[in-house]
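Notes to accompany the following structure.
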Amino acid sequence: MARSHTAPAAALFPGLISIELTVNGAKVKLDIAPWTTLLDALRDRMGLMGTKKGCDHGQCGACTVLVDGRRVNSCLTLAVMKDGAEVITVEGLATDGVLHPVQQAFIDHDAFQCGYCTPGQICSAIGLIAEGKAKTPDDIRELMSGNICRCAAYPNIVAAIQQAMDAS
Amino acid sequence: MNNFQYSRATDVADALSQIASDASAKFIAGGTNLVDLMKYDVEHPSRLIDISHLPLTKIEETTAGGLRIGALVPNSDLAWHPLVTERYPLLSSALLAGASAQLRNMASTGGNLLQRTRCLYFYDVATPCNKREPGSGCPAKEGINRINAILGTSDACIATHPSDMCVALAALDAEVHVAGPNGERTIALVDFHRLPGDTPQRDTNLDPKEIITAIELPPQGFSKHYTYLKIRDRLSYAFALVSVAAALRMDNGTTRDARLALGGVAHKPWRNPEAEAALNGQAANTDTFARAADIVLHEAKGFGRNTFKIDLARRTIIRALTQAMNGTPQSQSSKKIA
C-alpha cells in the first residue's frame, strides 16, 4: 500500500492517537502513544525541558504544570486524556521578557538552591494563589506540601509565595 | 508501563458496554493511583477506558435533604464546596488531610474509593503478595509493616485501605450509587470495602463490570461536633498511621448519636457499632471515650513493627472524641493538636 509522506503518524501506527494541546498559548498537534505522560510529551516531544522529572510517581511535585488553570502532576497525567486542554509550563509564565510575579518573588527571596524543584514550585504556587484558599504561612506550607525541595529552601519559598500572594 | 489501547466513553451506557467487552480493561478517571500502579507494573490493563469526560461532576442537594456528589467531582472541588464546608465539614477536613493539592485537583470522588493499598509488598513486584498474586504469600506479616493493619486482618493479608475521604464517608453513613449491566444499585459505604479474608485480591464489593456514578450523604452532617484527626510520620502529605473521624450529636453534655470511624488500621474504614452504642445516652467525658476506645480495640492484633498502633489508636480515639465534644475540630493547616 502506498503511503503518503504527509499522512499523520497516527494513521500509520494504529497505536498512536492524534491530539491537540494549547501549550503556553501555542497550538500543538501530536500523534502520541496512549501511555505517554504529559510530562514526557512536554519534555521529549515539545522540547520544553523546564518541567522536571523528579520521582515520576506524583510524590515530589517537580513536574507540576497548570492544566486548564489547575495545578496537576504531569507525570501522572496521560497526554491523550488532555486532548483540547490548555497547558502552561514554567516557560510560558514570563510576558515580553518580564518575569511572572511569582518568578520574581522567588528571585527576591532566594527561594531555591539547586533549582531542580523550582519550576514545579512556581507553577504550584501560581495554582495555589489562583485557588485563593491560603491565608496564612501555615496554609501556604500545607497547600505546598506536594512540592518537595531537597535543598530545604522552604522558609524562603513560603516568603516568596507570601509576597506574590499579597501583591495579587 | 505496559502498552495498552485507549478509548473514551461517551456516556455511562457506553462505558458499561466497553468494559463488558474486555475483561482486562480498566476505567480511568483522575489516574493518580492507576497510572502510578502501571508504572510499577502492579496493574497492566489491556485497555484504558477514559471516563473523565462523563457528566458525573455535579454536587446537588437531594429531596431527602442530603447531598449527591457525582463520581467525577475532583477531591479539591468537593473539599471546598460551600455545601460541604458548611454542612459536612468532617468530609471537607478528611479530604484536605489527604494527598497534596495537585493530586486532589486530579483525583475523583469515585476513584478515591477505589484506590489500592500502599502496603510496600503490594507495590514491590519482586516480592510475594496475596493481594497482587493470590496464593503467593504475605511478607508484610513479618516484614516492614509499620503502615499495616491491626484490625480485621487475615492470614492472607494485613493491608490497609489508604483513603482519608472514605473514613469520613463511613462515619457519615454515605451510600455509593453504582450502575452495571443489570441496572443501578446502592451500596452502603461501610459495606463497599471488604475485609481481606482469603480473597485479599478483592478490595471492594463493586463488580468489575460496574461503575460508580455518585456518592450520597444523608441529611445529618454533624457540623457542630466533629473532627478528623490524622496521625502520620510527616505533618503533611503522608498516609495515616491512625486516623479517626469522630462526629457527635450532643445534648447538654450527653452523647445522643456517636459516629466513630478509623483509617489506617484495617482493610476498610473501621466502624464498630458496639463502641458507638456504648457512647450513646452516656455523659461525654474521657471515661466514656476510653471505654469506647477499648471496645474498638479489644480484638486488635499487632505484627511487631505496627503493634504501637494499638495504643496510638486508643489515644487518638479519645483525643478525637474530645475534640468533637468541645467543638474544636483538628485544623488541617496549623497541625497543632487541640
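These protein sequence lines map, in sequence, to chains G and Y. No gaps in the numbering here: position 113 of the first sequence is 113 in our numbering, and each next residue is one more. No gaps in the numbering here: position 79 of the second sequence is 1079 in our numbering, and each next residue is one more. The C-beta atom is built at its ideal place from N, Cα and C for all residues, glycine as well.
Hey, out of the options, whose CA is closest to residue i's CA?
i, options, result
"Asp1124/Y", "Gly1253/Y, Asn1272/Y and Met1038/Y", "Met1038/Y"
"Ala1233/Y", "Pro1196/Y, Ile1147/Y and Thr1063/Y", "The amino acid occupying residue 1233/Y in the given sequence is Asp; Ala does not appear at that position. Out of Pro1196/Y, Ile1147/Y and Thr1063/Y, Ile1147/Y has the C-alpha closest to the C-alpha of Asp1233/Y."
"Ser124/G", "Ala105/G, Ala134/G and Gly61/G", "Gly61/G"
"Ala1015/Y", "Asp1036/Y, Leu1056/Y, Asn1003/Y and Thr1032/Y", "Leu1056/Y"
"Glu86/G", "Ala79/G, Val67/G, Gln103/G and Gln104/G", "Val67/G"
"Lys52/G", "Asn73/G, Ala33/G, Ile32/G and Trp35/G", "Asn73/G"
"Gly25/G", "Ile32/G, Cys63/G and Leu93/G", "Leu93/G"
"Thr1117/Y", "Val1042/Y, Asn1002/Y, Gln1282/Y and Ile1318/Y", "Val1042/Y"
"Pro101/G", "Ile140/G, Cys117/G and Ile126/G", "Ile126/G"
"Gly1253/Y", "Ala1240/Y, Ala1283/Y and Ala1292/Y", "Ala1283/Y"
"Ala159/G", "Thr95/G, Thr136/G, Val23/G and Gly146/G", "Thr136/G"
"Ser1024/Y", "Leu1048/Y, Arg1008/Y and Ser1007/Y", "Leu1048/Y"
"Gly58/G", "Arg70/G, Leu39/G and Met46/G", "Leu39/G"
"Asp1050/Y", "Ile140/G, Tyr116/G, Cys117/G and Thr77/G", "Thr77/G"
"Thr1316/Y", "Ser1243/Y, Gln1332/Y, Thr1288/Y and Leu1297/Y", "Ser1243/Y"
"Leu1083/Y", "Phe1289/Y, Asn1145/Y and Pro1219/Y", "Pro1219/Y"
"Thr957/Y", "Leu1067/Y, Phe1239/Y, Ser1021/Y and Leu1054/Y", "Missing from the structure shown is residue 957/Y; chain Y here goes from 1001 to 1338 and no further."
"Gln1332/Y", "Ala130/G, Ala134/G, Gly97/G and Asn147/G", "Ala134/G"
So residue i packs on residue j, CB below 8 Å; how close in whole Å?
i, j, result
"Asp1307/Y", "Val1012/Y", "Checking the sequence, you will find Thr at residue 1307/Y rather than Asp. The pair is not a contact, with the Cβ atoms about 45 Å apart (cut-off 8 Å)."
"Ile1318/Y", "Leu1297/Y", "The pair is not a contact, with the Cβ atoms about 11 Å apart (cut-off 8 Å)."
"Cys75/G", "Asp56/G", "5 Å"
"Pro1134/Y", "Gln1201/Y", "5 Å"
Whose C-beta lies closer than 6 Å to the C-beta of residue i among residues of the same chain, with five residues either side of it excluded?
i, result
"Lys1058/Y", "Gly1070"
"Leu1195/Y", "Gly1152 and His1267"
"Gly1110/Y", "Ala1071 and Ile1212"
"His1193/Y", "His1161, Thr1204 and Lys1268"
"Gly15/G", "Ala33"
"Tyr1040/Y", "Tyr1123"
"Gly54/G", "Cys60 and Ala62"
"Tyr1006/Y", "Leu1048"
"Tyr1237/Y", "Ser1100"
"Lys1335/Y", "Leu1235"
Let's test the definition: count the other Cβ atoms within 10 Å of the Cβ of residue i and tell me whether it reaches 16, buried, or not, exposed.
i, result
"Glu1210/Y", "buried"
"His1225/Y", "buried"
"Ile157/G", "buried"
"Arg1185/Y", "exposed"
"Cys114/G", "exposed"
"Ala105/G", "buried"
"Lys29/G", "exposed"
"Ala41/G", "buried"
"Leu1235/Y", "exposed"
"Ala167/G", "exposed"
"Ser4/G", "Caution applies to Ser4/G, whose pLDDT of 47 falls short of 50 and renders its modelled position unreliable; the value that the coordinates give is listed next. Exposed: under 16 other Cβ atoms inside 10 Å."
"His109/G", "buried"
"His1177/Y", "buried"
"Ala1130/Y", "According to the sequence provided, residue 1130/Y is Asn. The question's Ala does not apply to it. Buried."
"Ala164/G", "buried"
"Val23/G", "buried"
"Ile107/G", "exposed"
"Ala2/G", "Reliability of the predicted coordinates at Ala2/G is poor, the pLDDT of 45 falling under 50, and the value obtained from them is presented with this limitation in mind. Exposed is the call here."
Identify, in the order they occur along the chain, each residue of the same chain with its Cβ nearer than 7 Å to the Cβ of residue i, setting aside the five sequence neighbours on each side.
i, result
"Leu1090/Y", "Ala1168, Ala1171, Leu1172, Phe1222, Tyr1226, Tyr1228, Ala1245 and Ala1247"
"Val90/G", "Gly50, Thr51, Pro119, Ile122 and Cys123"
"Ala1338/Y", "Gln1323, Thr1328 and Gln1330"
"Ala1107/Y", "Gly1030, Thr1032, Pro1074, Asn1075 and Ala1099"
"Ile19/G", "Leu30, Ile32, Ala79, Val80 and Asp83"
"Lys1301/Y", "Ile1150 and Thr1153"
So does residue i have its beta carbon nearer than 8 Å to some heavy atom of the ligand HEM?
i, result
"Ser1136/Y", "In terms of ligand content, the structure shown is empty, and the ligand HEM therefore cannot be addressed."
Near residue i, which residues of its chain fall below 8 Å by C-beta distance, leaving aside the five closest residues on each side in sequence?
i, result
"Gly1066/Y", "Glu1216, Leu1217, Pro1218 and Pro1219"
Discussion item. Taking beta-carbon pairs under 7 Å, can you tell me which members of the region 1067–1090 of chain Y lie near chain G?
Written reply: Listed in chain order, the positions of the region 1067–1090 of chain Y with a beta carbon within less than 7 Å of a beta carbon of chain G are Trp1080.
Handout entry: Proximal residues, the region 36–51 of chain G versus chain Y, C-beta separation under 9 Å
Key = Only those residues of the region 36–51 of chain G whose C-beta falls short of 9 Å from the nearest C-beta of chain Y are listed: Thr37.
inquiry  = Please identify, using Cβ separations under 8 Å, the residues of the region 111–135 of chain G that lie next to chain Y, in order along the chain.
reply    = If you check each beta-carbon in the region 111–135 of chain G against every beta-carbon of chain Y, the ones closer than 8 Å belong to Ser124, Gly127, Leu128, Glu131 and Lys133.
#### Entry: Residues, ordered as in the chain, of the region 1160–1188 of chain Y that lie near chain G by beta-carbon distance below 8 Å
Cβ contacts with chain G come from no residue of the region 1160–1188 of chain Y.
Short-range partners of chain G found in the region 1008–1022 of chain Y, where Cβ spacing is below 9 Å:
Of all residues in the region 1008–1022 of chain Y, only Arg1008 come within less than 9 Å of chain G when Cβ atoms are compared, listed by chain position.
Taking a Cβ distance cut-off of 9 Å, strictly less, list which residues of the region 72–87 of chain G are near chain Y, in chain order.
-> Listed by position, the residues of the region 72–87 of chain G near chain Y (Cβ gap below 9 Å) are Val72, Asn73, Cys75, Leu76, Thr77, Leu78, Val80, Met81 and Asp83.
**Selection of the region 1224–1250 of chain Y by Cβ proximity to chain G, strictly under 7 Å** = Against chain G - using a Cβ distance shorter than 7 Å - the residues of the region 1224–1250 of chain Y are Ser1236 and Tyr1237.
Please list, in chain order, the residues of the region 1307–1338 of chain Y that have any C-beta partner in chain G closer than 7 Å. Taking a C-beta cut-off of 7 Å against chain G, the contacting residues of the region 1307–1338 of chain Y are Gln1332, Ser1333 and Ser1334, listed in chain order.
Note down, in chain order, all residues in the region 1114–1132 of chain Y with a beta-carbon under 9 Å from any beta-carbon belonging to chain G. Residues passing the 9 Å Cβ filter: none.
At a CB distance below 9 Å, what residues from the region 1190–1203 of chain Y approach chain G? Give them in sequence order. Of all residues in the region 1190–1203 of chain Y, none has a Cβ within less than 9 Å of some Cβ in chain G.
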